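Colleague:
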Amino acid sequence: MTTSTTAVRGTARTAARRVARSRRLAAALTLAATVPLLACCSSADTSRPSTDAAPPSGTVVDEPVPDSIANLPLVDQHGHRFTLASLRGKTVVLGDFLTLCQEVCPLTSVNLRDVARAVRRHGLSGDVEVVEATVDPARDTVPRLAAYEKLFGAEEDWTLATGDHRALDRLWAFLGVDQQKAAEDVSPAPTDWWTGAPLTYDVHHQDVVYVIDAEGHARWVDDGTPDTMGEQPSGPMLRFLNDEGRHNLASPTEPTWTVEDVERAVTYVSGKSLD
């Protein structure tokens with residue numbers, strides 16, 4: 010790690026964001042794990058497909074996603090409109106990201122793309138959908154999402170989503186994901202991997218992955234750092250990583266989550282094996 014002023018500031022910002030993230034997510038999980046989980050003891054829950062042992066990582070929750078959230082309009086990288094409600098009947102893996110993140114999101118995308126590949130490989134395309142929804146809809150337009158997808162390799166079960174900022178703000182607020190727009194404070198400013206223009210702001214946010222069951226209940230969540238287990242983003246995105254991002258790639262900060270962790274969570278929630 011460099012000892013430059015920029016790196017020190019970056020480390021301090023990261024620590025502050027992790028503290029804020031931990032506090033916020035802990036509160037969200039406390040809420041998700043108390044009142045809603047009482048329903049797990051009811052007879053209505055006996056039809057849940059989950060028969061496997063709980064995943065060793067992440068947190069098992071039971072939080073119904075209300076229609077007011079599930080019906081928020083989203084649009085994917087191909088311009089197709091959808092909602093979380095339209096995906097009911099499928100198990101949904103849902104993560105947050107932005108295409109101009111230099112620290113964590115490209116690693117999240119590597120892992121979730123690989124989860125989508127596993128879904129297709131196991132013939133579960135009709136049963137499981139992997140979705141990454143942006144926290145930066147102002148910049149993450151449909152054409153940008155399509156360009157981002159090409160950097161990672163298109164997967165039919167991997168959906169990148171954007172939409173109206175009010176809809177996405179409501180979605181992430183419900184799921185306990187804190188986010189804050191902040192001016193870029195490094196000089197020279199990093200440049201956009203797509204346009205080459207200098208970046209003027211970043212969106213600080215919690216990094217989470219949820220698994221939502223076919224009935225529309227959030228059933229598992231992990232807020233650790235993605236561990237790609239040595240797999241790297243493509244050249245342009247690899248070069249876009251800053252010092253913190255390269256550190257996360259080489260030595261991700263604990264706690265971490267892997268492709269296998271998400272696959273186990275999907276198996277636990279859906280009863281359909283991705284092993």
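In the working numbering, each residue carries its 1-based index in the sequence shown increased by 9.
Each residue gets a CB set at the ideal place from its N, CA and C atoms; glycine is no exception.
Model, not experiment: these values are computed from the prediction.
1) Under 8 Å, with one C-beta from each stretch per pair, do the stretch 99 to 113 and the stretch 139 to 157 reach the 3-pair mark?
2) Please identify the residue among Leu121, Gly67, Thr100, Thr204 whose C-alpha is closest to the C-alpha of Met238.
3) Tell me the rounded alpha-carbon separation between Ala94 and Asp76.
4) If we call anything under 9 Å between Cβ atoms a contact, is Asp85 one with Thr143?
5) By DSSP, does Trp229 sit in helix, in strand, or in coil?
6) Measuring CB to CB, does Trp203 end up less than 9 Å from Ser66?
7) State the beta-bridge partners of His214 as determined by DSSP.
8) By how many angstroms is the C-alpha of Arg130 removed from the C-alpha of Gly104?
9) Where does Val268 fall in DSSP's three states?
10) Between which two residues does the alpha helix (DSSP H) harbouring Val70 extend?
11) Take Phe183 and list the residues in its own chain whose beta-carbon comes closer than 6 Å to its own, dropping the five residues that flank it on each side.
12) In terms of DSSP beta bridges, what is Gly104 paired with?
13) Leaving out five residues before and five after Leu46 in sequence, what residues of the same chain have Cβ atoms less than 8 Å from its Cβ?
14) Under 7 Å Cβ to Cβ from Asp211, same chain only, skipping five residues before and after it: list those, please.
15) Look up Asp85 in the DSSP assignment and say whether it is helix, strand or coil.
16) Which two residues bound the contiguous beta strand (DSSP E) that contains Ala170?
17) Considering only the alpha carbon of each residue, which of Gly88, Leu81, Gly135 lies closest to Lys99?
18) Please report how far the alpha carbon of Cys49 lies from the alpha carbon of Ala156, in whole angstroms.
19) What does DSSP give as the partner residue(s) for Arg97 in the beta ladder?
20) Could you check if Ser118 is buried or exposed, using at least 16 other CB atoms within 10 Å of its CB as the buried criterion?
21) Does the stretch 242 to 261 come within contact of the stretch 156 to 165, defined as at least 3 CB pairs closer than 8 Å?
22) Taking its Cβ as the centre, do 16 or more other Cβ atoms sit within 10 Å of Ser13, making it buried, or is it exposed?
23) In chain order, what residues of the same chain have a beta carbon less than 8 Å from the beta carbon of Gly225, not counting five sequence neighbours either side?
24) Kindly list the residues whose CB is nearer than 8 Å to the CB of Ala127, restricted to its own chain and excluding five residues on each side of it in sequence; keep chain order.
25) Roughly how many whole angstroms lie between the Cα atoms of His256 and Gln241?
26) What number of angstroms, rounded off, separates the C-alpha of Val113 from the C-alpha of His87?
27) Any idea what DSSP makes of Pro146, helix, strand or coil?
28) Which residue wins for smallest C-alpha separation from Lys281, given the options Ser196, Asp222, Gly205?
Modeller: Walking through what the data contain:
1) yes
2) Leu121
3) 7 Å
4) no
5) Strand, per DSSP.
6) no
7) Gln188
8) Cα to Cα, Gly104 sits roughly 21 Å from Arg130.
9) helix
10) If you look at Val70, you'll find it isn't in any alpha helix (DSSP H); it sits in the beta strand (DSSP E) that goes 68 to 73.
11) Ile78
12) Looking at the DSSP assignment, Gly104 forms a beta bridge with Glu141, Val218.
13) Confidence is the limiting factor: at Leu46 the pLDDT is only 33, short of 50, which leaves the residue's position unreliable and the question unanswerable from this model.
14) Ala191, Glu193
15) strand
16) Ala170 -> beta strand (DSSP E) spans 167 to 171.
17) Gly135
18) Note that Cys49 has pLDDT 35, beneath the 50 cutoff, so the model's placement of it is unreliable and no number is given.
19) Note: Arg97 sits in no beta bridge, so no partner.
20) So Ser118 ends up on the buried side.
21) yes
22) Legend: pLDDT at Ser13 = 36, less than 50; position of this residue unreliable, value from coordinates given subsequently. It is exposed - the Cβ of Ser13 has fewer than 16 other Cβ atoms within 10 Å.
23) Pro73, Val74, Ala79, Leu93, Ala94, Arg97
24) Val268, Glu272, Leu283
25) 12 Å
26) Rounded to the nearest whole angstrom, the CA to CA distance from Val113 to His87 is 24 Å.
27) Look at Pro146 here: in three-state DSSP terms it is coil, with no helix or strand label.
28) Asp222
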